[in-house]
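Visitor:
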Amino acid sequence: MNNTVVRVIVGAIGIPLIIISAMLGNEIFLAFCVVMAFFCMNEFYNLFEQPHHPPGELTRWFGGISIHKTVFLIISTLVVVCFYYERFNYAIILYFVMFVFLIVSEVFKEEKHFEAVGTWLLSVVYISTPFGLLSLMDSSRMLAFNGANYAIICLVLVWVSDTFAFFGGKLFGKHKLAERISPKKTWEGSIIGFLFTMLSGVVIWMFIYPDFSVWHWLSVTLIIGFFAQLGDLFESNLKRSVKVKDSSNLIPGHGGALDRFDSILFAVPALYIFLYLKSTM
Numbered sequence: 112m113n114n115t116v117v118r119v120i121v122g123a124i125g126i127p128l129i130i131i132s133a134m135l136g137n138e139i140f141l142a143f144c145v146v147m148a149f150f151c152m153n154e155f156y157n158l159f160e161q162p163h164h165p166p167g168e169l170t171r172w173f174g175g176i177s178i179h180k181t182v183f184l185i186i187s188t189l190v191v192v193c194f195y196y197e198r199f200n201y202a203i204i205l206y207f208v209m210f211v212f213l214i215v216s217e218v219f220k221e222e223k224h225f226e227a228v229g230t231w232l233l234s235v236v237y238i239s240t241p242f243g244l245l246s247l248m249d250s251s252r253m254l255a256f257n258g259a260n261y262a263i264i265c266l267v268l269v270w271v272s273d274t275f276a277f278f279g280g281k282l283f284g285k286h287k288l289a290e291r292i293s294p295k296k297t298w299e300g301s302i303i304g305f306l307f308t309m310l311s312g313v314v315i316w317m318f319i320y321p322d323f324s325v326w327h328w329l330s331v332t333l334i335i336g337f338f339a340q341l342g343d344l345f346e347s348n349l350k351r352s353v354k355v356k357d358s359s360n361l362i363p364g365h366g367g368a369l370d371r372f373d374s375i376l377f378a379v380p381a382l383y384i385f386l387y388l389k390s391t392m
């Protein structure tokens with residue numbers, strides 16, 4: 112079956128299921144965020160594992176189990192749970208535990224790769240924190256969201272951006288956007304994706320949240336539209352740095368979980384910061 116057809120079918124099934132989980136909210140959506148964070152972190156680890164942790168190291172293997180990877184994944188997923196329950200002090204402790212563990216594991220290795228410490232810490236900030244914020248935005252307990260479910264809004268607008276950027280580039284793309292990072296991405300696709308994101312945001316505002324300020328809604332849509340594409344480019348650059356096409360083959364037609372949710376990882380923190388600052392003014 113054509114890869115594009117598979118992509119459409121999987122998206123048509125998966126996207127409504129995820130939105131339903133966000134609508135149900137609470138621990139159901141938290142479970143989704145934890146599972147996706149786990150898969151994304153696992154893929155990130157696999158992308159960068161070999162240069163820093165060749166097989167056979169005491170810090171990595173014990174009875175055939177990767178201790179380094181196990182600790183890494185457990186802490187990463189616990190960070191998401193801490194954000195959901197607003198236990199930010201616990202999240203900071205987990206960040207510190209991760210840092211100490213990474214330092215110790217690097218110190219006692221025969222080959223020193225201290226740049227790996229930065230890579231693994233980046234991954235927790237890059238992946239776990241956004242999924243934690245996404246679960247928190249769905250619960251709407253911390254910020255003055257005025258009844259809007261920004262988790263669903265962000266998911267919908269990011270998928271609009273990704274979908275129309277993909278098909279816009281496929282149909283009309285001629286001018287390369289960032290050839291060094293991703294040869295298939297084009298300016299035409301990027302612009303079409305952004306315009307349809309803005310249009311979708313306006314439709315949501317008109318028919319679902321008409322009481323909101325138009326400037327507030329335009330700001331929300333602009334932030335999501337811009338940072339979604341920035342997140343996509345960032346993940347493409349990560350893959351290019353290790354010379355792989357997809358982070359995995361977990362999702363047919365889409366690649367890995369990291370490929371599917373890369374835009375979310377930038378859009379969510381940017382939106383959260385905007386909403387937080389606005390709620391404190």
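Every number in my numbering is 111 more than the matching position in the sequence shown, counting from 1. Think of the CB as a built atom: it goes at the ideal place given N, C-alpha and C, for glycine as much as any other residue. Since this is a predicted model, take the numbers as computed values, not measurements.
Which of the three DSSP states is assigned to isoleucine 362 in this structure?
Guide: Looking at isoleucine 362 - three-state DSSP - the assignment turns out to be strand.
Visitor: Starting from the N-terminal side, write out each stretch of the alpha helix (DSSP H) that is 4 residues or longer and does not extend beyond the region 268-344.
Guide: If we require 4 residues or more, the alpha helix (DSSP H) runs fully inside the region 268-344 come out as 298-318.
Visitor: Can we say the region 150-157 touches the region 194-214, given the rule of at least three CB pairs closer than 8 angstroms?
Guide: As far as the Cβ criterion goes, the region 150-157 does not touch the region 194-214, which means the pair count is below three.
Visitor: Quick one: what's got a C-beta closer than 7 angstroms to valine 228's C-beta in the same chain, skipping five residues either side?
Guide: These residues qualify, in order along the chain: Leu213, Ile214, Glu217.
Visitor: Could you tell me which of Leu247, Ala123, Leu376, Ile178 sits nearest to phenylalanine 337, measuring between CA atoms?
Guide: Checking every option, the nearest Cα to that of phenylalanine 337 belongs to Leu376.
Visitor: Any chance you could list the beta strand (DSSP E) runs of at least 3 consecutive residues sitting entirely within the region 180-241, in chain order?
Guide: Counting whole runs of 3 or more residues, the region 180-241 contains no beta strand (DSSP E) stretch at all.
Visitor: Counting only beta-carbon separations shorter than 8 angstroms, does isoleucine 124 have a partner in chain D?
Guide: The question asks about chain D, but that chain is absent: this structure has only one protein chain.
Visitor: Return the chain-ordered list of same chain residues with a C-beta closer than 7 angstroms to the C-beta of glycine 279, the five sequence neighbours on each side being excluded.
Guide: Answer for glycine 279: Glu299, Gly300, Ile303, Gly304, listed in chain order.
Visitor: Measuring CA to CA, which of Ser352, Val271, Leu135 is closest to threonine 230?
Guide: Considering only alpha carbons, the answer is Ser352.
Visitor: Starting from the Cα of leucine 341, find the closest Cα among Ser239, Ala381, Leu128, Lys285 and give me that residue.
Guide: Checking every option, the nearest Cα to that of leucine 341 belongs to Ala381.
Visitor: With H, G and I counted as helix, E and B as strand and the rest as coil, what does DSSP make of lysine 389?
Guide: Note: lysine 389 maps to helix in three-state DSSP.
Visitor: Give the DSSP-derived three-state secondary structure of asparagine 260 in the structure shown.
Guide: Coil at asparagine 260, not helix or strand.
Visitor: From this set, Val313, Thr188, Phe307, Val235, which residue's C-alpha is nearest threonine 274's C-alpha?
Guide: Here the closest residue by C-alpha is Phe307.
Visitor: I want to know whether the region 133-150 touches the region 234-245 - three or more CB-CB distances under 8 angstroms.
Guide: Yes: at least three Cβ pairs fall under 8 angstroms.
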